[in-house]
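Asks: Residue numbers (our numbering), protein chains in the order written: chain A, 480 to 690; chain B, 480 to 690.
Glycine included, each C-beta is placed from N, C-alpha and C at the ideal position.
Note that the structure is a prediction, hence the values are computed from the model and not measured.
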DNA sequence: TGCGTTTTAGTATGATCGTTCTAGAATGAC
DNA sequence: GTCATTCTAGAACGATCATACTAAAACGCA
């Protein structure tokens with residue numbers, strides 16, 4: 480009974496993601512969005528609300544389309560392969576991107592940081608998901624003997640998260656394969672169980688007073 | 480032969496650092512700076528040039544006052560203590576800061592990233608200095624047996640740099656002692672020489688085909 | 001075909017941005 | 001004390017910002 484929408488919401492949101500991802504929230508103007516999405520300011524406001532709402536939708540779309548699938552892709556992998564796969568994936572995409580946009584969530588985290596109550600939960604929650612993924616990998620790896628038990632699983636997971644964020648930062652200013660791979664390679668070597676840990680899983684476990 | 484300046488340039492620059500550090504470049508307005516520095520827009524422009532020039536001066540002051548002294552403080556320490564000291568210092572200051580401003584250089588790196596030709600060299604150069612510090616620690620540590628030789632010194636240094644940046648990002652959104660210390664603790668444990676590496680430095684070196 | 005609705009397109013609005021201009025006040029050199 | 005110079009104060013400028021408004025055009029359904 481009314482005129483149907485002429486544009487594809489998903490395509491518009493993708494364009495919004497591209498704008499916000501590249502330039503951030505503040506540096507992206509409504510005019511930029513109008514230009515990139517191809518529709519008018521009135522349509523944007525009518526369909527998505529104000530700029531903050533559109534940013535939230537774009538960020539959620541980025542997370543749902545970028546981070547979610549990546550987590551799913553490696554959650555069933557062998558523990559060390561899961562960590563390696565996730566990080567290699569990030570490195571590969573970082574090097575593939577000529578604009579060096581990094582991670583939109585990390586960028587948003589630093590742009591809004593602690594001061595913005597609306598976006599904080601989404602940002603923190605996303606990082607918590609990634610940390611939980613790493614923690615799961617580490618725990619499984621410590622269980623099957625592929626990841627060192629010399630450090631607490633929680634600390635190792637945080638360590639992975641820190642390296643991931645460091646890679647995201649480095650990728651924006653020094654997007655060189657040697658740099659990103661070097662940081663990741665050292666992390667993976669640090670995670671791997673020491674040779675003496677791998678000789679006998681059961682002996683090792685009892686030796687450390689577990690079970 | 481003319482009226483002397485009534486304000487202290489260093490104090491004004493400190494106020495500018497505080498503004499830019501907390502809010503970044505874009506989100507800091509000249510009016511903010513006028514309010515925080517106490518002098519007028521005309522005086523600001525007369526003394527420091529435009530907003531970009533003032534930001535550059537503020538960033539250089541931040542680096543000279545924050546990062547430079549920290550590097551100097553630990554460059555003569557035993558290798559592992561140098562890395563630990565630097566990172567513990569960063570963690571302590573991050574937890575001390577109620578505004579969770581993180582590192583002004585990291586913030587600037589993500590705000591300007593690759594697109595800004597003027598600030599890139601300063602940012603990249605600063606990170607290079609920190610990386611060189613880590614590399615020096617690692618090389619010395621590998622030499623005296625305190626740091627593992629299981630990984631290339633360059634990769635270990637990049638690893639340290641990535642963790643440092645990760646801590647800077649984490650500190651802005653989750654400034655909790657357990658989080659930051661956990662990430663750092665795992666890094667230090669990863670850097671430390673394995674027990675079997677420490678039994679005999681000379682034997683270890685020949686065993687790996689060095690010298 | 002024509003009505004009701006919702007889309008478009010483009011302009012208007014008030015706020016704020018970085019920057020500059022116009023004064024006048026204050027200083028050092030003579 | 002006077003002059004040249006440089007400071008301060010604050011208004012003013014044009015540009016751009018996010019957003020709202022005014023019409024006209026386009027559709028689904030009767």
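What are the uninterrupted segments assigned as alpha helix (DSSP H) that are 4 or more residues long and contained completely in the region 618–677 of chain B, given in chain order?
Replies: 632–652, 656–670 and 674–677
Asks: Here's a check: name, in chain order, each residue in its chain whose Cβ is nearer than 7 Å to the Cβ of residue 675 of chain A, leaving out the five neighbours to either side.
Replies: Within the same chain, residue 675 of chain A has no close Cβ partners at all.
Asks: Which value, in whole angstroms, describes the spacing of the CA atoms of residue 502 of chain B and residue 639 of chain B?
Replies: Distance from the CA atom of residue 502 of chain B to the CA atom of residue 639 of chain B, rounded to whole angstroms, is 27 Å.
Asks: Run through chain A and tell me which residues come within less than 7 Å of residue 626 of chain B, C-beta to C-beta.
Replies: Simply none; closest approach about 12 Å.
Asks: Can you tell me whether residue 508 of chain B is buried or exposed? The criterion is at least 16 other CB atoms within 10 Å of its CB, across all chains shown.
Replies: exposed
Asks: Leaving out the 5 sequence neighbours to the left and right, which residues in its chain are closer than 8 Å to residue 580 of chain B when beta-carbon positions are compared?
Replies: 500, 501, 586 and 651
Asks: Below 7 Å between beta carbons is the criterion; list the residues of the region 655–677 of chain B that meet it against any residue of chain A, in chain order.
Replies: 658, 661, 662, 664, 665, 666, 668, 669 and 673
Asks: Is residue 664 of chain A a contact residue of the ligand ZN, with contact defined as CB to any heavy atom under 7 Å?
Replies: Of the ligands one can find in the structure shown there are none, so the ligand ZN has no counterpart to examine.
Asks: Note down the Cα distance separating residue 461 of chain B from residue 590 of chain B, rounded to an integer number of angstroms.
Replies: Chain B is shown only over 480 to 690; residue 461 of chain B falls outside these bounds and no answer can be derived.
Asks: Using a C-beta cutoff of 8 Å, does residue 588 of chain B count as contacting chain A?
Replies: yes
Asks: Could you check what DSSP says for residue 437 of chain A in three-state terms: helix, strand or coil?
Replies: With chain A represented from 480 up to 690, any question about residue 437 of chain A goes unanswered, as that position is not in the structure.
Asks: Let me know the secondary structure DSSP gives residue 581 of chain A once reduced to three states.
Replies: It is coil, neither helix nor strand.
Asks: Could you check how far apart the C-beta atoms of residue 536 of chain B and residue 492 of chain B are, in whole angstroms? I think they sit under 8 Å.
Replies: Correct: roughly 6 Å between the Cβ atoms.
Asks: I'd like the span of the alpha helix (DSSP H) that includes residue 488 of chain A, first residue to last.
Replies: 488–502
Asks: Here's a check: name, in chain order, each residue in its chain whose Cβ is nearer than 6 Å to the Cβ of residue 498 of chain A, leaving out the five neighbours to either side.
Replies: 507, 511, 512 and 515
Asks: Got a sec, what are the start and stop residues for the alpha helix (DSSP H) residue 539 of chain B sits in?
Replies: For residue 539 of chain B, the uninterrupted alpha helix (DSSP H) segment begins and ends at 530–541.
Asks: Thinking C-alpha only, which one of B:600, B:518 and B:670 is nearest residue 630 of chain A?
Replies: B:670
Asks: Just reading off the alpha helix (DSSP H) that residue 557 of chain A is part of, what are its end residues?
Replies: Run containing residue 557 of chain A: none; DSSP gives neither H nor E here.
Asks: Kindly indicate which three-state DSSP category residue 598 of chain B falls into: helix, strand or coil?
Replies: coil
Asks: Work out the CA separation of residue 595 of chain A and residue 661 of chain A for me, nearest whole Å.
Replies: 34 Å
Asks: According to DSSP, is residue 519 of chain B part of a helix, a strand, or is it coil?
Replies: coil
Asks: I think residue 565 of chain A touches residue 496 of chain A, with their Cβ atoms under 8 Å apart; what is that distance to the nearest whole Å?
Replies: No, residue 565 of chain A and residue 496 of chain A are not in contact; Cβ-Cβ is about 21 Å, not under 8 Å.
Asks: Exposed or buried, which one is residue 528 of chain A when buried takes at least 16 other CB atoms within 10 Å?
Replies: exposed
Asks: Using a Cβ-Cβ cut-off of 8 Å, state whether residue 708 of chain B counts as contacting chain A.
Replies: In the structure as shown, chain B starts at 480 and stops at 690, and residue 708 of chain B therefore has no counterpart that could be examined.
Asks: How many angstroms separate the CA atom of residue 538 of chain B from the CA atom of residue 617 of chain A?
Replies: 39 Å
Asks: Classify residue 680 of chain A as helix, strand or coil using the three-state DSSP reduction.
Replies: With a pLDDT of only 44 at residue 680 of chain A, under 50, the local geometry of the prediction cannot be trusted, and the value read off the model is given with reservation. It is helical.
Asks: Between residue 570 of chain A and residue 646 of chain A, is the Cβ-Cβ spacing less than 8 Å?
Replies: yes
Asks: According to DSSP, is residue 576 of chain A helix, strand or coil?
Replies: coil
Asks: Counting C-beta neighbours from all protein chains within 10 Å, is the total for residue 665 of chain A 16 or more, i.e. buried, or is it exposed?
Replies: buried
Asks: Nearest-angstrom Cα distance between residue 659 of chain B and residue 615 of chain A?
Replies: 19 Å
Asks: Tell me which residues of the region 623–651 of chain A have at least one Cβ-Cβ distance to chain B shorter than 9 Å, keeping chain order.
Replies: For the region 623–651 of chain A, which is checked against every Cβ of chain B, the residues closer than 9 Å are 627, 629, 630, 631, 633, 634, 635, 636, 637, 638, 639, 640, 641, 642, 643, 644, 645, 646, 647, 648, 649 and 651.
Asks: Exposed or buried, what is residue 654 of chain A when buried is set at 16 or more other beta-carbons lying within 10 Å of its beta-carbon?
Replies: buried
Asks: So, using beta-carbon positions, are residue 626 of chain A and residue 558 of chain A closer together than 8 Å?
Replies: Taking a C-beta distance under 8 Å as the contact criterion, residue 626 of chain A and residue 558 of chain A qualify as a contact pair.
Asks: Just to confirm, is the Cβ distance from residue 663 of chain A to residue 567 of chain A under 8 Å?
Replies: yes
Asks: Under the rule that 16 or more other beta-carbon atoms within 10 Å means buried, what is residue 620 of chain B, buried or exposed?
Replies: buried
Asks: State the Cα-Cα distance for the pair residue 689 of chain B and residue 634 of chain B, rounded to the nearest angstrom.
Replies: For residue 689 of chain B, the predicted structure reports a pLDDT of 44, less than 50, and the residue's modelled location is therefore unreliable. A value from the coordinates is still provided. Distance between the alpha carbons of residue 689 of chain B and residue 634 of chain B is about 18 Å.
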